[in-house]
Structures are given as C-alpha cells and as structure tokens.
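Here's the structure, in structure tokens; my notes come after.
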Amino acid sequence: MSACAPLHTQHPHSPHGPRPAPRRRFRVEGADLSASLAVFLIALPLSLGIALATGAPLQAGLVAAAVGGLVAGRLGGSPLQVSGPAAGLTVVTADLIHRYGWQATCGITVLAGLAQLGLGSLRVAGGALAVSPAVVHGMLAGIGVTIAVAQVHIVLGGSPDSSVLANLRALPAQLAHLHPGAVSMSALTLALLLAWPRIPGRAGRLTRRIPAALVAVAGATATAALTALSLPRVDLPSWRSHALASPPEGPVLGVAAAVLTTTLVCSVQSLLGAVAVDKLAAGRPGPGAPVGRSDLDRELLGQGAANIVSGALGGLPVAGVAVRSSANVNSGAVSRNSTMLHGVFVVVAALLMVPLLERIPLASLAALVMAVGIQMVSLHHIRSVTRHREVPVYAATTLGVVFLGVLEGVALGVAVAVALALRRLARTRITHEEKEGVHHVHVRGQLTFLAVPRLSRALHLVPQGAHAVVELDGSFMDHAAYESLQDWQSAHTARGGSTELTGRRNGVRTTDPATSAACRCRPWTPWRNHRACPPQAPAAPVAHELARGIGSFQRNTAPLVRKELARLAREGQRPSQLFLTCADSRLVTSMITSSGPGDLFVVRNVGNLVPPPGEEHGDDSVAAAIEYAVEVLGVRSVTVCGHSGCGAMQALLGTEHEGAATPLKRWLGHGLPSLERMGGDRRPRPRLAGRAPADAVEQLCLTNVVQQLEHLRAHAPVARALAAGALELHGMYFHVGEAQAYLLDRTGRVFEDVKEDGSAAEEPRGPV
1 MSACAPLHTQ HPHSPHGPRP APRRRFRVEG ADLSASLAVF LIALPLSLGI ALATGAPLQA
61 GLVAAAVGGL VAGRLGGSPL QVSGPAAGLT VVTADLIHRY GWQATCGITV LAGLAQLGLG
121 SLRVAGGALA VSPAVVHGML AGIGVTIAVA QVHIVLGGSP DSSVLANLRA LPAQLAHLHP
181 GAVSMSALTL ALLLAWPRIP GRAGRLTRRI PAALVAVAGA TATAALTALS LPRVDLPSWR
241 SHALASPPEG PVLGVAAAVL TTTLVCSVQS LLGAVAVDKL AAGRPGPGAP VGRSDLDREL
301 LGQGAANIVS GALGGLPVAG VAVRSSANVN SGAVSRNSTM LHGVFVVVAA LLMVPLLERI
361 PLASLAALVM AVGIQMVSLH HIRSVTRHRE VPVYAATTLG VVFLGVLEGV ALGVAVAVAL
421 ALRRLARTRI THEEKEGVHH VHVRGQLTFL AVPRLSRALH LVPQGAHAVV ELDGSFMDHA
481 AYESLQDWQS AHTARGGSTE LTGRRNGVRT TDPATSAACR CRPWTPWRNH RACPPQAPAA
541 PVAHELARGI GSFQRNTAPL VRKELARLAR EGQRPSQLFL TCADSRLVTS MITSSGPGDL
601 FVVRNVGNLV PPPGEEHGDD SVAAAIEYAV EVLGVRSVTV CGHSGCGAMQ ALLGTEHEGA
661 ATPLKRWLGH GLPSLERMGG DRRPRPRLAG RAPADAVEQL CLTNVVQQLE HLRAHAPVAR
721 ALAAGALELH GMYFHVGEAQ AYLLDRTGRV FEDVKEDGSA AEEPRGPV
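If you want it as structure tokens, here you go:
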C-alpha cells in the first residue's frame, strides 16, 4: 500500500451518512448571477464588434449572443462554456456574406447546425481533439491576422476590402487619408483596453471587476458624445425590418463547401474551448461547487441546436468563446444558469438599450475587434509549437488561412502535419564503424520497415566471429525491424560471434545481453506488460513475490552491475546529491533521474516533508539524514521532489488537524505551513510553466516543495554550506500520470517542464 494513501472520510452519500437535501429546480446561486453580469458586460460590445467585422447587420451579433446563452447554454454539454458570435468565425462569415448575401448566410448557418446535430448523434466529437494543436493554433492565428488587417481600415476612418492582400495594398492610400476623429476614438479605446487591467494597488483590484472591453467602448462613446465628433456610429434598424434566413442559392459544391467550413470551425472551436474550460474550472482556487466534466457529444448537439435557431432568426454563427468562458469561470460561476442568464440580459439590452447602443462609434468597436484579432496570435502558442518542433505546421496553417481561406488553410496544415510525421518516422540514419576490433552499428531515429534494407546492409558488414555493438538511439521499433534484428543476432551468435544491444536515453546508456529471449525491459519497450496488483485482486503470497523479484535480479541484472557494485563496495559511497522525496510507491527515484548505484542519497517520507529545526517532536530522522549527507558525505545539491496525486497533500486539505492524536496526523502537522502559505495572499503561488495547476491538491503539492526548501535553509548544516557556496537547493515536481518532471526556476515561482535533451521549457533553471 502506498505510504501516501489519503485518510479515509465518510462519504456523504453512504448508507450511514446523511441523505442529500432535495434539489430546488429553479434556484439561482448568487455566484451565477454575478458571473452572468460580468459575461454580459463583455459580450455586449464584442457581439456588436464581431458583427461589424463580418459585414452583417449589427443586430445579428445580439441575436447570436442571446441564442448562444439560452440555447447552447441550456442544451450543451459544457456547463460553464459561454457561446455566441466568435472572432474565430469572422473571416468565414465575412466571406459567406460577400459570396451569397446575408440571408443566404443565415441559411448556411442553419445547415451547419443540422450537420453538427448529425455529428453529435454519431458521437464523433472526440475526433476533433485528434487535430494537431499546431493546426488549431495556426488557424486561430491566421484568422486573427485577417481580422486585424481588415479592422485597421475602419480604425483609420475607411472601409475594408474582402481579402487580406487587397487590404494590405490599400493601406498606404488609407494612411494618406486619415480621419482624425476615428483615429482618436480608436486610440482611446486601445489605450483604455490596455491600461485598465494594469491599474496598480487596491484601486486596481476594485476596477478590474469591470471588464476592460466595456470600459474602453464606454469611454470612447462618452468622449465622442461630449466632443460632438462626427463619426459613423452603430445603426440598429427596427426589429420589424430584421432579415431572417433564406435558402442559399448557387453551385451545390460551393454551398456544401461553405456548410462544411462553418461546421468545421464552429465544432473544433467549441470542443477545444470546452476542454479548456474544464481545465480552468478544475484549477480554480478555493473549495467551490464541483462542476462535472464536459460531455463533448452533448456539447456538439447543443451547438448545432444553437446554430439552427440563430441562423433561422437572422443571427451570426454560434460557437464557444474563450474570452467570455474564461470570464465566466473566473467570476465563480457554478452552473449553466450563469450562461443562460447572460443570454437573458442580452435580450433585455437588445430591446431596451437601443438608443444607448446607437451612440457607440464604429471606430471604437473596430479597435476592440482588432485587439482581439491581435491577441489570437498567441506568443504562448508559438513557443509551444517551437518546443515541439511543429513550426512548419503552424506557419503553413497560418499563411494558408490568411491567403487562401480557412478550410484551405486547415487542409494545408493537416497535410504538412502528416508529411512531417511521416518524415520523422521514416528518417533513420544507420552507420557502421570499427574501433579496436569491435564493430559498432549505430541506428539514429525510429526503426521501421522502411529502414530494414539499410539495417541489413550495415549488419552484414560485421564479419563472422566478431564482437558487434548495435546501438539503438530511438524510441520506436516496429515488428519488421525487430524480426530482422533478432534473425541477424541469432545467426551471428550461431557462427561464433558475440553481440551487444544498447540503447541511449537522456545520455544514459543501458545494455542487455542477447542470450535471453525473455523481456528485459529494453529502452525501447520500458515496463512492457507491467501491471501493478489491483486492490481488489486476491493477495498473492508476499514471500513468493519477493523471492521471484530477487531471482529476476540475480538472473538478469546482477551480472550487469556486479563489477560496479564491487567498486562501490571497495571505495564507499560518494553521492553527489541528497534527494528528498515522498514514500509513495509509484515514485522510482533512480528511474526518473536516470541514476545508478551510488549517485543519490535518498530520503523518503510521507509527503516529502522537512521539519524545521526544533519542531521534530522526537523524530530527528530527516534532520540526521540532512546533516549526514551535507557534512559527512559532502553532497553538492539537495533536491526536494513532490509528485502529483500525493495522498499526504489530500489529507492536509481534507482533514481537521486540531488535537492530532495518531502518528500520521502528528507527522502531517509539519505540512501545515505549506497549507497556510497556499491560503495566504502575501506571496505569489508557485505554478507550472504553460498551465495552471489542475486542482487544489496539485497547487498544494507545488507550494509544499517551495515551503520545504525554506525549512531546509533553516537547518544549520545547510545554511553553512549555502553560505560557503558548496551547496545548491533544487525544487522538483513529478507528474506521475504524464511521466513528466518539472524543475523550479531561479525565481522560486515557476516549475518548468524538462525536455528530453535536459533543457527546461522557458527560463534557464538553476539553484533556488
């Protein structure tokens, strides 16, 4: 049993526990009400701005926002995702309006909604997540560039063309004929949009409750009214003359392509948005009400129903919107009531606030949408695709969307992604050389059937009776390559030769002899068919399991390490690191650090805790290990390693600690400073590079590593070694489910993921 098993508490729905209170059907939580107001204040100006950018009637943006809140909010599978007119659909909708007219575009939206219903019924929503993130990010970046270039003309006082190239060619002439009033209102909108979230101090914390988009548009509107500027403003025709959908006319293939494009962009953006909302909701601080994970197939059905209703009523296409969804989650929404209430507020505004809305300058809305388009070119996404060597996919998709169109750009990006994957799979370099009578065959890259002919030629260069070393520097070997290698190995050994198969992972070379047919956990097949004993399985005799494991060591491993262990026995231990980690059975320290005998001096306890000096309460084992490692062994670094799903951290979060009477509860008391540090607001919380902590347990695991490093500095041997420059302290976090290690950076705030080449993700790492 893991030493980090969480303390058991009575389940609230157990037969012996209290029964849950009956739910009230139409109850609206206060958190949902406040969150819906915040989302409404963001949605109102953005909906008008997106409608302006597409060339649709401005009322269409309000219709889509209301339908997205009421229909998608009620029927969708993501309770906290807010749907409405999305910036990612701007280019697609603008092109449809230019080709088919507004009413036919509404008809295409209805058909796209029907297609989404069909896809949702077939339960294929999960397939959208198979699209490469580089393609999705590239699509959004291309759409963002297209939006920004088009809105520049309205910002400068002109009108945009239908294509990016035409807008770029017309830009010099537009710059020569600026409209001072439009430029000034656009500049004011952008200034407020950028400055409002950056107001410092207590005033900033209060003002940030009001969305920056609302402040920017309201400020520009008030300024234009006070200065009596003559500018084009929002024009909302009477609802009596509002245009509804009509069937699209034109070539069948063209209409089908338009429906497919709208369906693809709406569906992918909504499904990926639902996944992102789940991560945001899981990472919210505080207890809060639990929100279930999104049902992607139901979400696709809800989006399809919303598009049918929006298109039929003369509204823009509907999709999940990242900005409004993030605001909904961050405002504390706990159910779909927040999304639906925001739709009700949009309906009220569309009916009762028309005179106020018609005072908004179009240049202010254009500046707002231009800023949204620029933000869609995310530097974080660019860094992510760069780290994963997918820049060609990202660039091809972005340029394809900008110069060809959304569907064409996505198809181009998918083609480049497939070609890149095939190239990586097929690119294998095989070399042969002889050193001091030993023949070395080095295979770099993935070993597939495509490389078998070259592998065979290199292997047949090894003469009979010679000693050969075959080094496999890759992570994949298919069946054809495996059979070819095994056949050569058997034949070479039968003719009096000897072979050695080696692999290299992260600079550590591992070997296994060729004489055994059993699985030796080779580098390219780690832990093949390994299964931990499930808790419900009948217990096997412990002595038998122990003896079998020892026998495997004596048979397979002992011959390989006997010389090294004999040297260590003569020379004594000389570790360079003290590694302090949790006693959890899933953490294999030698595996995740690629270390061997004598490298690490390991201390393990429940929760990887370091009691401060004077607070051990009779247990000096950790302090003794620290003193021995630093002053006797002379280690050069000390690492505190936490891990995901730590039962000790779960127990700290879910257990009352007053009057702790058991040994486990007394020991967990050393983790209370970590809990207090996470709950306080004086210092920034540590985080993972590239994403927020998944939940409160992960946040506490990260905070605990930082807190235990502070406890380490308080120990006299550590303090003396640090002052002399003879010791470094490192923080580490290991995510068990992802097999990913993170190292704490120099600031002590960010845990950076460590790549296969040993480099960190963003900032240079070092001692903290």
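Residues in the sequence shown are numbered from 1 upward in steps of one, following the working numbering.
Cβ atoms here follow ideal geometry from the backbone N, Cα and C, with glycine treated the same way.
All figures in this text were calculated on a predicted structure; none of them were measured in a lab.
Item to check | Euclidean distance between Cα positions of I210 and V329 | outcome: Each residue's alpha carbon lies about 15 Å from the other.
Next on the checklist: Using only the alpha-carbon positions, how far apart do M678 and P45 sit?
Outcome noted: Near 37 Å, if we compare the C-alpha coordinates of P45 and M678.
Item to check | Cβ-Cβ separation, L260 to L379 (assumed contact under 8 Å), whole Å | outcome: The C-beta distance from L379 to L260 rounds to 31 Å, too long to fall under 8 Å, and the pair is not in contact.
Checklist entry - Since S310 contacts T109 with CB under 8 Å, what's their CB separation in whole angstroms? => result Going by Cβ atoms, the distance from S310 to T109 rounds to 6 Å, so yes, they are a contact pair.
Next on the checklist: Looking at S36: is its Cβ nearer than 7 Å to the Cβ of L422?
Outcome noted: At the C-beta level, S36 and L422 stay beyond 7 Å of one another.
Item to check | Uninterrupted alpha helix (DSSP H) stretches inside the segment 700 to 741 (no shorter than 4 residues) | outcome: 716 to 723
Next on the checklist: For A583 and V736, what's the separation of their Cα atoms in angstroms?
Outcome noted: 14 Å
Item to check | Nonlocal neighbours in the same chain, by C-beta distance under 7 Å from A182, ignoring five residues either side | outcome: If we look at A182 and ignore the five residues flanking it on each side, its Cβ neighbours are V155, L156, G157, L231 and A363.
Next on the checklist: How far does the beta strand (DSSP E) with T431 in it extend, from its first residue to its last?
Outcome noted: T428 to K435
Item to check | For L165 and F403, the rounded distance between their alpha carbons | outcome: 7 Å
Checklist entry - Three-state secondary structure (DSSP) at V750? => result Three-state DSSP puts V750 in a strand.
Item to check | Inter-residue spacing [alpha-carbon to alpha-carbon] between D235 and L62 | outcome: 13 Å
Next on the checklist: On a Cα-Cα basis, can you pick out the residue from A87, M376 and A72 that is closest to L80?
Outcome noted: A72
Checklist entry - Going along the chain, which unbroken runs of the beta strand (DSSP E) with 3 or more residues stay wholly within the segment 327 to 415? => result none
Checklist entry - Out of curiosity, what's the CA-to-CA distance linking V754 and F734? => result 10 Å
Checklist entry - What are the uninterrupted segments assigned as alpha helix (DSSP H) that are 4 or more residues long and contained completely in the segment 243 to 320, given in chain order? => result Counting only runs of 4 or more, we get 252 to 282 and 296 to 312.
Next on the checklist: My assumption, with CB atoms under 8 Å, is that L712 sits in contact with V638. Please give the rounded CB distance.
Outcome noted: 6 Å
Checklist entry - Within this structure, are the beta carbons of N307 and D32 separated by less than 7 Å? => result no
Checklist entry - Considering only the beta carbon of each residue, do L193 and A212 sit closer than 7 Å? => result yes
Checklist entry - Apart from the five residues just before and just after G671, which ones in its own chain have a Cβ nearer than 7 Å to its Cβ? => result G607, L609, A648, L652 and N704
Checklist entry - Does the count of Cβ pairs from the segment 487 to 498 and the segment 458 to 475 closer than 8 Å reach three? => result yes
Checklist entry - In terms of residue numbering, what span does the alpha helix (DSSP H) encompassing N167 cover? => result V164 to A176
Checklist entry - Going by the beta-carbon positions, is the gap between V602 and T593 smaller than 7 Å? => result One thing to note: V602 has its Cβ no nearer than 7 Å to the Cβ of T593.
Item to check | Residues bridged to N605 (per DSSP) | outcome: C582
Checklist entry - Sorted by chain position, which residues of the same chain lie with C-beta nearer than 6 Å to V215's C-beta, five sequence neighbours on each side aside? => result L192 and W196
Checklist entry - Which residues in the same chain as L727 place their Cβ atom closer than 8 Å to its Cβ, once the five residues preceding and following it in sequence are excluded? => result V630, V635, R636, S637, V638, V718 and A721
Checklist entry - When the Cα of T227 is compared with those of R444, R359 and V255, which residue comes out closest? => result R359
Item to check | Paired residues, beta bridge with S637 - DSSP | outcome: Looking at the DSSP assignment, S637 forms a beta bridge with Q577 and E728.
Item to check | Buried/exposed call for D487, threshold 16 Cβ in 10 Å | outcome: It is exposed - the Cβ of D487 has fewer than 16 other Cβ atoms within 10 Å.
Checklist entry - What residue range is occupied by the uninterrupted beta strand (DSSP E) comprising V438? => result V438 to G445
Checklist entry - V469 lies in the beta strand (DSSP E); which residues open and close that run? => result H467 to D473
Item to check | Contact belief for P597 with L565 at Cβ below 8 Å, rounded distance in angstroms | outcome: 6 Å
Item to check | Residues of its chain near T105, where Cβ-Cβ distance is below 6 Å and the 5 sequence neighbours each way are ignored | outcome: L96 and I97
Checklist entry - I think S781 touches L709, with their Cβ atoms under 8 Å apart; what is that distance to the nearest whole Å? => result What the structure shows of the chain is the stretch from 1 to 768, and residue 781 is not part of that stretch, so it cannot be assessed.
Item to check | Endpoints, alpha helix (DSSP H) assigned at H492 | outcome: H479 to A494
Checklist entry - Are the CB atoms of G76 and G302 nearer to each other than 7 Å? => result yes
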